[in-house]
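Undergrad: Under my numbering, the first residue of the sequence shown is numbered 458, with each subsequent residue one higher.
From the three backbone atoms N, C-alpha and C, an ideal C-beta is built for every residue, glycine too.
The structure's right below; bear with me while I get my questions together.
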Amino acid sequence: MNKLKIAAVFLFVAISIGLYSANGNKTNIENEKVEKLLAQMTLEEKVGQMTQVTLEVVSKGDSPFNMKKPWALDQEKVKDIIINHHVGSVLNTAGEVRTPKEWYEVIKSIQDIAINNTRLKIPVLYGIDAIHGMYSAGATMFPQEISMAASWNPELVRKSSEVIAYETKACGIPWTFNPTLDLGIDPRWPRMWEAYGEDPYLQSVMGVASVKGYEGGDVSHPNHVASCLKHYIGYGAPKSGKDRTPAWIPETFLREYFLPPFEAAVKAGAKSVMVNSGEINGMPVHASKKLLTDILRGELGFEGVIVTDWFDINNLVERHHIAATQKEAAKLAILAGIDMSMVPYDVEFTKNVIELVKEGEISEERINESVRRILQMKIELGLFENPYTDYKNYPEYGKEKHHQLAKVSAHESITLLKNEKDILPLKKDAKILVTGPNANSMRSLNGGWTYTWQGEYTNKHAANHNTIVEALKAQSNSILFEEGVRYPEGNPDYRADEIVDIQKAVKAAKNVDYIVLCLGENSYTEKPGDLDDLTLSANQLALANAMIATKKPVILVLNEGRPRIISSFEDKVKAVVQLYLPGNEGGNAFADILYGKVNPSGKLPYTYPRYVNDLIPYYHKFSASTAHNDGNINNNHEIKAQYAFGYGLSYTTFKYEDLALSETTISTDDELEVSIKVTNTGQREGKEVVHLYTTDVVASLSPSVKRLRKFEKINLKAGETTTVKFTINKNDLSFIGHDNKPVVEAGEFIISCGNLQQKFQLSDTKQL
Ligand code: BGC
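Written out as structure tokens, the structure reads:
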């Protein structure tokens, strides 16, 4: 190396060391910029940065949410909130569904005011719920998280999040409120479908993949956005099953099941976290210093921005009754650890916080901590240099390549739950009656958070995509359609359905070979999706029974956000295909599977319950399900799910052989190698998800019957064999003990893979 090169290398190393400070990925330059800004800011400017309002607040007209054109940004209102109240963040949408150009104009107007009309020129941080696609005309709508989980393919999750990031940035928005890492543990809860299923490990793997896709390791990149993990923590388990109602979760279980996905996604670099709107053990999470500061910041080391959920500081007064006034509520939430309040309608929060600081109830140093994090995020996003992106630089927006990825994601997630006598796939010339309220609805294929909050305008905005019946007609000339039951247009009760004419469908069935019965749910999210009964609706059951009575083979297609109870008629249908919420390409993907163009490979990411009283996940305790109890009669409490977690059929068959462990005894310092041979024993190529479970046979806190520790999705040609290898260590064998700390205990363990099991011994006990 010549002297010049040595000098260059030396300079590079010196600059790198200089740029990166001890506190992780923040650079000294960024820190300096934050401190310089902070030093110039008034208290009012600081508190404004902690305030987030909805776009409705700065919209023209009285009814900005009615989706009727024309919608317009009210420049005067924008100036008021930014110049007079120093508001630092705006969220959401209002008015009509915008094109990227229209979004560009909105974001540019807001940023121009923030940059040109304020002393410190701090850009606004705009956030939106692009959870399976951007809220914009022509955007790509991917399958929702519950479907993506059913694909068991983290690479698809990463790639789809990458596309969502790109299309969100095409609209000038740098922050999405996703991924959702609530444990989908209770199908009564209306947001189960927004998360990656019931298992903490699956949720962790998919959450990490999603953060990587959104953020791409550099959120200032024009194609990436900041992610937001939500809703920290325990939101998915309200005791009543209704949204935003209290949860009772002992700390042991909170740490065992609910915390790991957040821990993994924080480690993956997620820039922000949104707080659970509910309360746990009587403590609203927005007021819990233990959960927000001690655990999230202290134990998990989270350095990013903690944002409240909608109106939730007010809700400490109005919903939870733990504060008498808004001011007291603001104090509780800030001292607990929130950085930004999604107020979202008025600026009373800022007024209250300014007073609290002046009265000495909250220190200015505490305010500085939050403002530092918010400024840091704005800097990392590159907003000071590029406060908005230009839609013209995003030529791939809504293009075929993106829709193809959405279709492949739907292919890999759709789950074949029953296929009596291999009735599927069907031949293209088979005569089919398609019926049911989900047969001709883009809205139900997509679910909530599609173009709008409740997704109620999806039929209009996704009209150029195929519903189920349109997709089948595109592939075959032998399709008849009679709706039978429909979701009434414009009914604000999204659970409502009504009979159209079941007899007409019965008559039509006389002339066909098969009935494709499309049942499930309309779109919904949050409180509007609360249910009184998990059983499929009476009208849909009536249609199902009428179709079964025709004696024509019925193929049941489920398009639902949560598993609705179907046990009263499931044994009378010949095939069951679970679509979940497959997005805009869901109809086409289903048609490809029905006709055998694609071999299904999705597996259930939750336990499909058979009865409404049997809502427990696969990792329940042994005593939750007992086949018999000696000494008692009539005491059979065995719980038989309709379909088990991880279940899903293929048009081919797989054989598992030679489950082998590298050792029969290991210590907590060792790793255990597990291998299994899998062969495609059928006639066609297919994908299989290999799951590895462990069972702790005896533990000081009753163990789960089994826990998923690893999985891998493989592709095998007909006749092909492969060996899948996994490595297990002490972390995979540990649990949260009585003292709320992780421990791994000596004794016998069982490894299960496919239909095979092997045992091994752990020689020592260790606190982790
Ligand atoms: C939801 C969040 C969402 C927020 C902003 C809330 O009502 O609970 O999931 O991110 O609204 O739209």
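Less than 8 Å separating the beta-carbons of Leu1038 and Gln660?
TA: no
Undergrad: Take Asn1197 as the anchor and find which of Asp537, Thr709, Glu869, Trp910 has the nearest alpha-carbon.
TA: Thr709
Undergrad: If we count the other Cβ atoms within 10 Å of its Cβ and call it buried at 16 or more, is Thr892 buried or exposed?
TA: It is buried - the Cβ of Thr892 has at least 16 other Cβ atoms within 10 Å.
Undergrad: How many Å lie between Glu559 and Tyr623 at the Cα?
TA: 17 Å
Undergrad: Within 10 angstroms of the Cβ of Lys687, are there 16 or more other Cβ atoms? Answer buried if so, exposed if not.
TA: buried
Undergrad: Which value, in whole angstroms, describes the spacing of the CA atoms of Asp954 and Arg900?
TA: 14 Å
Undergrad: Output the distance between the C-alpha atoms of Ala1001 and Pro882, rounded to the nearest integer angstrom.
TA: 21 Å
Undergrad: Should Pro1010 and Ile880 be called a contact, given that it needs their Cβ atoms to be closer than 8 Å?
TA: yes
Undergrad: Ser734: beta carbon under 7 Å from a heavy atom of the ligand BGC?
TA: yes
Undergrad: If you measure from the CB of Met731, is any heavy atom of the ligand BGC nearer than 7 Å?
TA: A distance criterion of 7 Å places the beta-carbon of Met731 in contact range of the ligand BGC, judged by its closest non-hydrogen atom.
Undergrad: For the candidate residues Gly758, Arg648, Ala727, Thr765, whose alpha-carbon lies nearest to that of Ala744?
TA: Thr765
Undergrad: Suppose you measure from the CA of Gly417 to the CA of Ser1058; what does that come to, to the nearest Å?
TA: No statement about residue 417 is possible, as the shown extent of the chain runs from 458 to 1225 and does not include it.
Undergrad: Mapping DSSP to helix, strand and coil, what is Lys493?
TA: helix
Undergrad: Would the beta-carbon of Asn772 be found less than 7 Å away from any heavy atom of the ligand BGC?
TA: no
Undergrad: So which residues put a beta carbon under 5 Å from any heavy atom of the ligand BGC, going in chain order?
TA: Asp586, Phe634, Asp766, Trp767
Undergrad: Would you check if the distance between the CB atom of Lys728 and the CB atom of Met834 is smaller than 8 Å?
TA: yes
Undergrad: Nearest to Lys1223 by CA position, among Phe1192, Leu753, Tyr658, Arg952, is which residue?
TA: Phe1192
Undergrad: In whole angstroms, give me the CA-to-CA distance for Ser1025 and Ala887.
TA: 28 Å
Undergrad: What would DSSP say about Met591, mapped onto helix, strand or coil?
TA: coil
Undergrad: Quick one: grab the DSSP three-state call for Asn897.
TA: coil
Undergrad: Bridge partners for Lys687 per DSSP, in chain order?
TA: Thr637
Undergrad: By a C-beta neighbour count over all protein chains shown, 10 Å radius and 16 as the cutoff for buried, is Trp650 buried or exposed?
TA: buried
Undergrad: For His681, which residues in the same chain have their Cβ closer than 6 Å to its Cβ, ignoring the five residues on either side in sequence?
TA: Counting only Cβ-Cβ distances below 6 Å, and skipping sequence neighbours, we find Ala622, Glu672, Gly673.
Undergrad: Which value, in whole angstroms, describes the spacing of the CA atoms of Tyr689 and His1077?
TA: Take the alpha-carbon of Tyr689 and the one of His1077: they are about 23 Å apart.
Undergrad: Compare the Cα-Cα distances from Val441 to each of Asp796, Lys864, Tyr1104 and report the closest residue.
TA: Nothing about residue 441 can be read from this structure; the chain reaches only from 458 to 1225.
Undergrad: For the alpha helix (DSSP H) containing Gln1218, name the first residue and the last one.
TA: Run containing Gln1218: none in the alpha helix (DSSP H); it sits in the beta strand (DSSP E), 1213 to 1219.
Undergrad: Compare the beta carbon distance of Leu512 and Thr550 with 8 Å and say whether it is the shorter of the two.
TA: yes
Undergrad: Could you give the uninterrupted runs of the alpha helix (DSSP H) lying entirely in the stretch 982 to 1012, keeping only those of 4 residues or more?
TA: 995 to 1006
Undergrad: Given a threshold of 16 other Cβ atoms within 10 Å of its Cβ, counted over all protein chains shown, does Pro1020 qualify as buried or as exposed?
TA: The residue is buried, with at least 16 neighbouring Cβ atoms inside 10 Å.
Undergrad: Assign Glu1177 to one of three DSSP states: helix, strand, or coil.
TA: coil
Undergrad: Taking 8 Å as the limit between beta carbons, can you name the residues of its chain near Gly481, skipping five residues before and five after?
TA: Unreliable placement is indicated for Gly481, whose pLDDT of 44 sits below 50; no coordinate value is reported for it.
Undergrad: Go ahead and label Thr1122 buried or exposed: buried means 16 or more other beta carbons lie within 10 angstroms of its beta carbon, across all protein chains shown.
TA: Exposed, by the Cβ-count rule.
Undergrad: List, from N- to C-terminal side, the beta strand (DSSP E) runs of 3 residues or more that fit wholly inside the stretch 735 to 792.
TA: 762 to 764
Undergrad: Going by other Cβ atoms of all chains shown within 10 Å of its Cβ, with 16 needed for buried, is Gln497 buried or exposed?
TA: So Gln497 ends up on the exposed side.
Undergrad: Who are Pro1199's beta bridge partners in DSSP?
TA: Ile1193
Undergrad: What does a CB cutoff of less than 6 Å around Asn459 pick up in its chain, not counting 5 residues either side in sequence?
TA: Low per-residue confidence applies at Asn459: pLDDT is 49, beneath 50, and the placement is therefore not dependable enough to give any value.
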